[in-house]
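To start, the structure under review is shown below, and the notes come after it.
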Ligand SMILES: O=P(O)(O)OC[C@H]1O[C@H](O[C@H]2O[C@H](CO)[C@@H](O)[C@H](O)[C@H]2O)[C@H](O)[C@@H](O)[C@@H]1O
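Numbering (our numbering), first residue to last: 1 to 394.
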């Protein structure tokens with residue numbers, strides 16, 4: 001399955017992972033009790049963190065990470081009013097594709113490998129099934145994409161694993177035949193098996209297994225959400241979302257140029273609104289040592305420190321589906337964001353599947369393959385369905 005390439009490609013790295021030490025957050029937290037947790041403890045480990053003082057946002061790398069957190073817009077060719085990538089960008093992308101080939105170009109390879117195997121499909125939502133847009137509430141999936149995902153689910157167990165609130169992503173996707181994991185995998189509605197018991201029903205009244213490893217953080221996230229809404233009120237373009245087990249602070253529409261905060265005014269500094277938003281999240285996090293920050297595409301995400309992520313959600317779902325112990329399973333995870341890397345790493349480590357990164361620019365990734373944009377994701381999924389139909393016909 002390994003495809004060896006010796007080329008080194010110019011890579012636009014993602015925002016550097018914000019390590020606890022860079023944030024000034026110490027690596028251990030006050031331990032807290034997992035007493036009465038309704039799930040097997042083997043899934044969860046809780047990192048410890050000592051209480052400590054946070055550094056200023058400008059010196060700890062938050063701003064650099066924020067500025068480079070989403071692929072740059074393509075250059076606009078004014079003569080024709082169309083977006084075109086420059087030659088340099090193209091060359092860099094082509095070299096990067098030697099390391100992370102297009103899943104469309106290598107479709108035959110993938111389908112050959114999948115022959116006589118059971119495929120498990122994992123899909124991220126934003127930037128994978130829907131295009132990235134300025135307003136998160138308008139990130140709609142096209143009907144064509146919905147139809148394609150429905151067809152995929154006819155043949156392969158399929159799960160959506162999103163950073164969003166699970167109910168929200170279910171509303172956006174609207175397909176009952178899938179499994180859904182929201183809040184970066186911290187809210188999973190999965191299948192009932194003989195090893196786990198029904199503890200919930202889905203929107204259609206079907207019996208399901210609900211797994212919420214960060215349940216005890218609910219009131220804390222709610223409180224933080226309300227504080228963030230209040231504190232970012234004065235920042236034009238800022239938007240805060242409550243995803244139940246995490247909260248997101250969007251800055252895609254925040255002016256990166258000039259703005260004066262009182263705090264910075266006092267320090268006699270001219271600041272950008274980005275500084276204000278970073279400072280605001282930073283100040284709130286200071287009071288919650290059991291929460292941590294992660295970066296997404298033009299979004300800061302506040303979430304519990306528990307050792308749980310999209311990768312763990314993949315493992316959990318594979319186990320729930322009874323697919324984790326079988327040698328004839330090929331898992332495919334398609335995603336576009338930093339948070340999807342945890343899932344790519346899991347598949348790479350298990351060596352039983354492919355991560356596919358959706359990106360129009362080179363990025364450091366643990367994914368094996370790449371696709372440029374949601375339109376290519378749809379083509380890939382359609383090809384998979386066509387292939388499966390042909391195989392079944394034979
Ligand atoms: O795990 P995902 O399903 O990819 O969710 C990650 C975040 O997606 C959304 O934000 C992103 O998409 C928005 C709409 O295109 C865009 O405006 C924003 O800049 C992106 O970060 C969602 O709103 C976030 O809360 C999710 O965490």
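Beta carbons are placed, not taken as given, at the ideal position from N, Cα and C, and that holds for glycine.
Cβ neighbours of residue 383 within its own chain (closer than 6 Å, five residues either side excluded): 107.
Assignment of residue 380 by DSSP, reduced to helix, strand and coil, places it in the helix class.
For residue 318, the enclosing alpha helix (DSSP H) starts and ends at 310-320.
When the five nearest sequence neighbours on each side are left out, the beta carbons in the same chain lying within less than 6 Å of the beta carbon of residue 323 are those of 120, 329, in order along the chain. About 24 Å separates the Cβ atoms of residue 307 and residue 128, ruling out a contact at the 8 Å cut-off. In the DSSP assignment, residue 211 forms a beta bridge with 188. With respect to residue 184, residue 339 sits close: the two C-beta atoms are nearer than 7 Å. Contact annotation: residue 126 and residue 139 have beta-carbon atoms nearer than 7 Å. Residue pairing for residue 304: DSSP places it in a beta bridge opposite 291.
Check the Cα spacing between residue 103 and each of 355, 386, 255, 362: the tightest is with 355. Between residue 162 and residue 152, the gap from beta carbon to beta carbon reaches 7 Å or more.
Collapsing the DSSP output to three states places residue 122 in a strand.
Contact between the stretch 314-321 and the stretch 276-283 is absent: fewer than three C-beta pairs spanning the two stretches fall below 8 Å. The DSSP assignment places 239-242, 247-250 as complete runs of the beta strand (DSSP E) inside the stretch 217-256, in order along the chain (cut-off: 3 residues). Per the C-alpha coordinates, the member of 222, 145, 341 positioned closest to residue 363 is 341. When the Cα atoms are used, residue 131 and residue 250 turn out to be separated by approximately 16 Å.
Where residue 354 is concerned, the enclosing beta strand (DSSP E) starts and stops at 353-358. The closest CA to that of residue 189, considering only 235, 62, 209, is found on 209. Cβ contact annotation for residue 299 (same chain, cutoff 6 Å, sequence separation greater than five): 248, 250, in chain order. For residue 181, DSSP records a beta bridge to 161, 188. Straight-line spacing of the CA atoms in residue 154 and residue 92 works out to 38 Å.
Relative to residue 245, the option among 273, 352, 305, 295 whose CA is nearest is 305.
Looking only at 289, 112, 283, the smallest Cα-Cα distance to residue 62 is reached by 283.
The bridge partners DSSP lists for residue 201 are 207.
Distance from residue 181 to residue 367 at the Cβ level is roughly 19 Å; contact not present, criterion being Cβ atoms closer than 8 Å. DSSP places residue 332 in no alpha helix (DSSP H) but in the uninterrupted beta strand (DSSP E) bounded by 329-335. Taken through DSSP and simplified to helix, strand or coil, residue 68 comes out as coil.
By the criterion of a C-beta distance shorter than 6 Å, residue 343 is surrounded in its chain by 310, 311, 314, 333, once the five residues flanking it on both sides are discounted.
Bridge partners of residue 296 according to DSSP: 299. Relative to ligand 1, residue 337 has its C-beta within less than 6 Å of a heavy atom. Closest by C-alpha distance to residue 291, out of 217, 392, 346, is 217.
Burial is judged here by how many other beta carbons sit within 10 angstroms of a residue's own beta carbon; residue 147 has fewer than 16 and is exposed. Listed in chain order, the alpha helix (DSSP H) runs fully inside the stretch 91-121 are 107-114, counting runs of at least 4 residues.
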